Structure formats: structure tokens, C-alpha cells
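Student:
Residue numbers (my numbering): 47 to 206.
(1) Are the region 107-121 and the region 130-140 touching, with three or more C-beta to C-beta distances below 8 angstroms?
(2) Quick one: residues in its chain with C-beta nearer than 7 angstroms to the C-beta of residue 182, no 5 flanking neighbours on either side, listed in chain order?
(3) According to the Cβ coordinates, are residue 83 and residue 143 closer than 8 angstroms?
(4) Determine the direct distance from the alpha carbon of residue 62 to that of residue 187, and round the result to whole angstroms.
(5) Quick one: Cα of residue 243 to Cα of residue 141, how far?
(6) Enumerate in chain order the residues of its own chain whose CB-to-CB distance from residue 74 is below 6 angstroms, with the five nearest sequence positions on each side excluded.
(7) Just curious, the alpha helix (DSSP H) that residue 186 is in, first and last residue?
(8) Residue 59 to residue 71, Cα distance in whole Å?
(9) In the structure shown, what three-state DSSP assignment does residue 163 receive?
(10) Please report the distance separating the alpha-carbon of residue 194 from that of residue 126.
(11) Within the same chain, show all residues whose beta-carbon is closer than 7 angstroms to that of residue 137, passing over the 5 residues directly before and after it, in chain order.
(12) For the beta strand (DSSP E) holding residue 80, just list the boundary residues, first then last.
(13) Roughly how many whole angstroms lie between the Cα atoms of residue 78 and residue 151?
(14) Give the range of the beta strand (DSSP E) segment to which residue 121 is assigned.
(15) Out of 189, 129, 149 and 114, point me to the one whose CA is closest to residue 172's CA.
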């Protein structure tokens, strides 16, 4: 019987390490639920129903940074997830409909994909959408990536 590989969650540690070394404390929040203001609050529904709607229609961005008047949405991508760029575009649209972030409606919002991977063609694609790709490769994340099959060390289409 084949030995199954245990999934190890490193995404959160990776993101927090980068945020903590890049921005001052108190300027960022992680796992921010977005779009809660799109759920009609005037309709009489129970808290359980409201939570269910939030789960179905809401989204959660990895991090929101507000620093020196700049608003930044960050999505960390330790393993290749081709939908990350599209998710960031959706999050940008949802941020002004989020409690506490209504003031961002007319503000420019910077979008960042944080990754240790070489993304090749995808990086060009993300850049064309106005998404910045930040490469952050602490030694421990490289060691972690080497526990994956060799084909997963690089992003898909990274050779293009």
C-alpha cells in the first residue's frame, strides 16, 4: 500500500512571517471575511441563516494591509493555485462592501500575490492584471517545498 503524505499547513506561518517583517504591527489583519454588507440586513433572518449566507457569498482574503494611506490585499500562494489572481480581483471588488473597510470604495487598492515559486507565464499574466508578484523564499519554505514531488517545486507554466 502506498504511503500517504500528511498535509502540513505552512501557508499561515509563511504569510505572517512576511507581513511581520514587511509592515509595522497593527497595520495588517489576516483571514479577513469580505462582502458582509452585501447580505441584506433588513430582512428578518436568524443568525444561523446569516452565517450560512456569509459562507456561501462571502470570501476571505489572506491579508489586508493599511499602511501610510495605502490599502494592500495579499494572497499567499505556497503551492501553485492558478485561481489566486482572479480571487484577488474579486476581493478588491468586495472590500468596500466589508464592515470597517467601506472607506476604501474610491481608494486605489494594491494587489499582491506572495509566493516562493517561479511562476513564469503566470507572473506576466498577473502583472497584466495589475497584480504584483512578491517572491519571498525563507530557507524553511524551500525545505518544505522539497518534500513535494519535483514537479511541484515550480509553478505551472513556469518554463514559458
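The beta-carbon is built from N, C-alpha and C at its ideal position, and this holds for glycine as well.
These numbers come from a predicted model, not from an experiment.
Tutor: Concretely, from the data shown:
(1) Short answer: they touch.
(2) Cβ within range, chain order: 64, 160 and 162.
(3) Yes, the pair counts as a contact, with Cβ atoms nearer than the cut-off.
(4) Computed Cα separation, rounded: 13 angstroms.
(5) Given a span of 47 to 206 for the chain in the structure shown, any question on residue 243 remains unanswerable.
(6) Around residue 74: 65, 109 and 111.
(7) Note, residue 186: alpha helix (DSSP H), 185-191.
(8) Straight-line spacing of the CA atoms in residue 59 and residue 71 works out to 16 angstroms.
(9) Coil at residue 163, not helix or strand.
(10) Each residue's CA atom was taken as its position, placing residue 194 and residue 126 some 12 angstroms apart.
(11) By the criterion of a C-beta distance shorter than 7 angstroms, residue 137 is surrounded in its chain by 80, 105, 107 and 119, once the five residues flanking it on both sides are discounted.
(12) Looking at the DSSP string, the run of the beta strand (DSSP E) that includes residue 80 is 74-80.
(13) So the two alpha carbons sit approximately 17 angstroms from each other.
(14) Membership of residue 121 in the beta strand (DSSP E) is indicated by the continuous run 116-122.
(15) The shortest C-alpha separation from residue 172 is found at 129.
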